[in-house]
Amino acid sequence: MLIDAISFYIFAFMVLAGGVLTITRRNAVHSAISLIVSLLGVAGLYLLQQAEFLFAVQVMLYVGGIMLLFLFVIMLVNLDQAARERQFNKAWLVGLVAVAGVAAEIGYVLYRGRDTFHVADSLAAVPPPPALGNTEMLADALFSEYLLPFEIASILLLVAVVGSVVMAKKRI
Amino acid sequence: MYPITTLHYLVLSVALLLIGTVGVLTRRNIVIILMSIELILNAVNINLVAFSHALHNLGGQIFAIFVITDAVAEAAVGLGILIALFRNKETVQADEIDLLKW
């Protein structure tokens, strides 16, 4: 559908423009706001692909949670001095060349393999009858097939919480 | 250009991944390096969801949820380390923390 294509290009522009602004701004708050635009673009792409649950998680967890954490830390840490200094390190040219090399490699792989993706796309053209909503199906899979990874993820979060509290303590 | 295929999502994901990598490799400010890591993780998620949609397999979306969980844990620990670092060294520039450098 045409509306899908237009939405895709709008969201893709949001994602890429937000990303470029994130890594080029001098002021960290501006970077954070650009990153929010980029993350909202990614959320829109999830919605275009019928991943409604991930859309909600992206908006609530990323934009609402992680970015709030970033903004708190930006306010907690004095970044005025850092904003006045040089923004890029001495090896920036090496980094750019390395990334250009990786870009050429991945681009070559995608170019050579561009025909193999049509199998997946012809599959997507005839969607199976939707049995349940996206959230219900995800919950079914998450609590049956993927129960062990789910529990391990909760342990990971516990470790991360304890770790960050210990790290941010006055005296370690 | 039209219609939108899986390849479009893959190209977008590659572009975002490379932008994030440039940020990690070239910026000095640690806060912005952490933000670039979030960009990289989002590029991975776009890829996973695109294949999940194309193959009618929910596994990609489940994996994306775990990637988001990891991103949360990484951001919390990373920012905690940053605060501890700022308290001890009074700097947020990555190349000024060179105690282990010869």
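Each protein sequence line maps, in turn, to chains A and B. Every position in the first sequence, counted from 1, becomes a number in the numbering used here once 7 is added. Every position in the second sequence, counted from 1, becomes a number in the numbering used here once 1194 is added. Ideal placement from N, C-alpha and C gives every residue a C-beta, glycine not left out. Every value quoted in this text rests on a predicted model; they were computed, and no experiment measured them.
- Collapsing the DSSP output to three states places residue 1255 (chain B) in a helix.
- For residue 30 (chain A) against residue 1234 (chain B), the beta-carbon gap comes to about 11 Å, at or over 8 Å, which does not count as contact.
- For residue 1205 (chain B), the chain A residues whose C-beta falls within less than 8 Å of its own C-beta are 117, listed in chain order.
- At a beta-carbon threshold of 8 Å, the residues of chain A lying near residue 1208 (chain B) are 110, 113, 114 and 117, ordered along the chain.
- In this structure, the alpha-carbon of residue 88 (chain A) lies about 9 Å from that of residue 1286 (chain B).
- One finds 96, 98, 99, 101, 102, 103, 105 and 106 in chain A with Cβ atoms closer than 9 Å to the Cβ of residue 1219 (chain B), taken in chain order.
- Only residues of its own chain outside the window of five on either side were considered, and among them 25, 28 and 29 have a CB closer than 6 Å to the CB of residue 41 (chain A), listed in chain order.
- Annotation: Cβ neighbours of residue 1289 (chain B) in chain A (cutoff 8 Å, chain order): 96 and 97.
- For residue 8 (chain A), there is no enclosing alpha helix (DSSP H), as DSSP gives it neither H nor E.
- The Cβ atoms of residue 72 (chain A) and residue 1266 (chain B) sit closer than 9 Å to each other.
- Against residue 1276 (chain B), the close residues of chain A are 80 and 84, in the order they occur along the chain (beta-carbon pairs closer than 8 Å).
- DSSP links residue 33 (chain A) through a beta bridge to no other residue.
- Judged by DSSP in its simplified three-state form, residue 1281 (chain B) adopts helix.
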